[in-house]
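Visitor: As they're listed, the protein sequences go chains V and P. Take any residue in the first sequence, count from 1 to its spot, add 155: that is its number in my numbering. Take any residue in the second sequence, count from 1 to its spot, add 47: that is its number in my numbering. Just so you know, even glycine gets a beta-carbon here, dropped at the ideal spot from N, CA and C.
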Amino acid sequence: MEPGRREHKKNQKIEAKSKTQFPYLPEEIVLRILSKLSIDSLLRFRCVSKPWHSSIHDLKFKQQQVIVMSKRVEKWIIKNLSIQLIDHRGSIKNLPVPKPFMQPTKLPEIMGSCNGILLVRVGLDCFLWNPLNRCCTKAISIERFRYNFNGYFIVSGLCYDSYTDDYKIVLWNSGHCFVMVGSCRNKTWTEIPFPYYGRKVRAGPTIGGPFSLVDKEN
Amino acid sequence: MASAPENEKNASAPEKKTLTLKSMINNEEFVVDEHVALQSVTIKNMVDSDCAGDVIPVPTISGEILALVIEYCKNHANPSASEDDLKKADAGIVAKDIYTLIDLVLAANFLDIKGLLEVTSQKIADSIKDLPHQDVREIFGVENDYTPEEEAAVRAEHDWAFEGFP
């Protein structure tokens, strides 16, 4: 009974397919459709074919998808550390935790995101992590700010500079009148004067590439 | 039903321009108010450059699909339609099987109707998101160029995403 039904269903499908004038969709339409899928569907559809795999690899994350890193972890139980993906429908999925984040005494912290890539700080190291293809690279060290981090209010963000093909990290804390801009490509930090003070500075949203610090008073 | 008031309109207001769209697949013809048809950028370009005769031939789109496209254009040409009405009407138009949706998305792409392209792509994405990748491959007519070992390796990278799938 069961195989017969399946066979019937298959025939129906093939019949329906012959109605289609073009059996193949142009790549631009496929990309348009793929860009509307959530990460778990995309990860499965990489198995469709090699061209689909590379299209999905190049896809940017959907704007609505938010990555949340759970911090409810006791220091000695690493396996309780979880990274969850919440899509725009509100469903939650656990993501595998990259090895560099698994440090018994240091909790990872998301410091910013851009183009679907997350800036994650673990101790004094900053990593760029793409949860979609699991790429995780050490971007830059914040060793030189070791003492600046205590007791200050830190604002941070990540942005992409298409001119130099570089991801840049912007850090500011309430104790200083400059922001630090770190280049992930050159592993260097640059000081830029920042004429605002106070705790009302927040990281603005990143749209595409540019990063902005928004002063609530101005 | 739809053609009767249209004829009336043509009789009482002959200055209202209409265009005839003809499916080259089954030769079905549709008489449409010009402002409705002009939502297609492709048709607008033809009309603007005086390339359009009395009958505009539409290749590779069947009458069945063309009727859906025209229904969409009519709804969106109606200035008194509220956003809510349009959303409901759009949902009705794309409540079709996946193969009809693929024909429709190709038609929207060819005729360059941005809104229709958007709602149809979204509907296709919603229809395939919970399907096994093997079904998606079949629906889109994609050739599997993986060896079984390669496919297994790609799958193993994110095994968790395949939980509950064949």
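Determine which residues share a DSSP beta bridge with residue 374 of chain V and list them.
Guide: It is not possible to answer for residue 374 of chain V, since the shown part of chain V is limited to 156 through 373.
Visitor: Check this for me: beta carbons of residue 285 of chain V and residue 295 of chain V, under 8 Å apart or not?
Guide: Not closer than 8 Å, so no.
Visitor: Work out the CA separation of residue 313 of chain V and residue 268 of chain V for me, nearest whole Å.
Guide: Cα-Cα distance, rounded: 5 Å.
Visitor: Is it right to say residue 200 of chain P is buried, meaning 16 or more other beta carbons lie within 10 angstroms of its own, or is it exposed?
Guide: It is exposed - the Cβ of residue 200 of chain P has fewer than 16 other Cβ atoms within 10 Å.
Visitor: Report yes if the CB atom of residue 113 of chain P is closer than 8 Å to the CB atom of residue 66 of chain P, and no otherwise.
Guide: Cβ atoms of residue 113 of chain P and residue 66 of chain P: not closer than 8 Å.
Visitor: Any contact between the stretch 144–157 of chain P and the stretch 68–78 of chain P? By contact I mean 3 or more CB pairs, one from each, below 8 Å.
Guide: Short answer: they don't touch.
Visitor: Taking 8 Å as the CB-CB limit, is residue 207 of chain V close to chain P?
Guide: Judged by the 8 Å Cβ criterion, residue 207 of chain V is in contact with chain P.
Visitor: Taking beta-carbon pairs under 9 Å, can you tell me which members of the stretch 117–145 of chain P lie near chain V?
Guide: Taking 9 Å as the Cβ-Cβ cut-off against chain V, the residues of the stretch 117–145 of chain P that qualify are 144 and 145.
Visitor: Under 6 Å Cβ to Cβ from residue 207 of chain P, same chain only, skipping five residues before and after it: list those, please.
Guide: Around residue 207 of chain P: no qualifying Cβ.
Visitor: Can you give me the C-alpha to C-alpha distance between residue 342 of chain V and residue 211 of chain V, rounded to a whole angstrom?
Guide: Distance between the alpha carbons of residue 342 of chain V and residue 211 of chain V is about 29 Å.
Visitor: Counting only beta-carbon atoms, is residue 191 of chain P nearer than 8 Å to chain V?
Guide: At least one chain V Cβ lies under 8 Å of residue 191 of chain P.
Visitor: I'd like to know whether the C-beta atoms of residue 300 of chain V and residue 327 of chain V end up nearer to each other than 8 Å.
Guide: Going by C-beta atoms, residue 300 of chain V is not nearer than 8 Å to residue 327 of chain V.
Visitor: Taking its Cβ as the centre, do 16 or more other Cβ atoms sit within 10 Å of residue 187 of chain P, making it buried, or is it exposed?
Guide: Classification of residue 187 of chain P: buried, given that the 10 Å Cβ count is 16 or more.
Visitor: Based on DSSP bridge pairs, tell me the residues matched to residue 296 of chain V.
Guide: Its beta-bridge partners are V:280.
Visitor: Beta carbon of residue 192 of chain P, beta carbon of residue 205 of chain V: below 8 Å?
Guide: Yes, the Cβ-Cβ distance between residue 192 of chain P and residue 205 of chain V is below 8 Å.
Visitor: Check whether the Cβ of residue 202 of chain V lies closer than 8 Å to any Cβ atom in chain P.
Guide: Taking Cβ atoms only, chain P reaches closer than 8 Å to residue 202 of chain V, which makes this a yes.
Visitor: Round the Cβ separation of residue 279 of chain V and residue 297 of chain V to the nearest angstrom and send it over; I've been treating them as touching at under 8 Å.
Guide: Indeed they touch by this definition, with Cβ atoms about 5 Å apart.
Visitor: Closer than 6 Å by C-beta to residue 182 of chain V: which residues in its own chain qualify, once you throw out the five before and the five after it? Chain order, please.
Guide: Hits under 6 Å: none found.
Visitor: Taking only the alpha-carbon atoms, compute the straight-line gap between residue 185 of chain V and residue 333 of chain V and give it to the nearest angstrom.
Guide: If I take the Cα positions, the gap works out to 46 Å.
Visitor: Within the chosen definition, does the stretch 187–203 of chain V reach the stretch 164–181 of chain P through at least 3 CB pairs nearer than 8 Å?
Guide: With a cut-off of 8 Å, the stretch 164–181 of chain P and the stretch 187–203 of chain V count as touching, because enough Cβ pairs lie within range.
Visitor: Given that a residue counts as buried once 16 or more other Cβ atoms are within 10 Å of its Cβ, and exposed if not, what is residue 198 of chain P?
Guide: So residue 198 of chain P counts as buried.
Visitor: Just checking my contact of residue 283 of chain V with residue 339 of chain V at CB under 8 Å: how many whole Å lie between their CB atoms?
Guide: Rounded, the Cβ-Cβ distance is 6 Å, consistent with contact.
Visitor: Taking only beta-carbon positions, decide if residue 156 of chain P is within less than 8 Å of chain V.
Guide: Yes, contact with chain V.
Visitor: Taking all protein chains shown into account, do 16 or more other C-beta atoms lie within 10 angstroms of the C-beta of residue 347 of chain V, making it buried, or fewer, making it exposed?
Guide: Residue 347 of chain V is exposed by the Cβ-count criterion.
Visitor: Out of V:180, V:198 and V:261, which one is the CA nearest neighbour of residue 178 of chain P?
Guide: Checked all of V:180, V:198 and V:261; the closest Cα to residue 178 of chain P is V:198.
Visitor: Determine the direct distance from the alpha carbon of residue 195 of chain V to that of residue 181 of chain P, and round the result to whole angstroms.
Guide: Rounded to whole angstroms, residue 181 of chain P to residue 195 of chain V spans 15 Å at the Cα level.
Visitor: Considering only the beta carbon of each residue, do residue 108 of chain P and residue 154 of chain P sit closer than 8 Å?
Guide: Contact flag set, yes.
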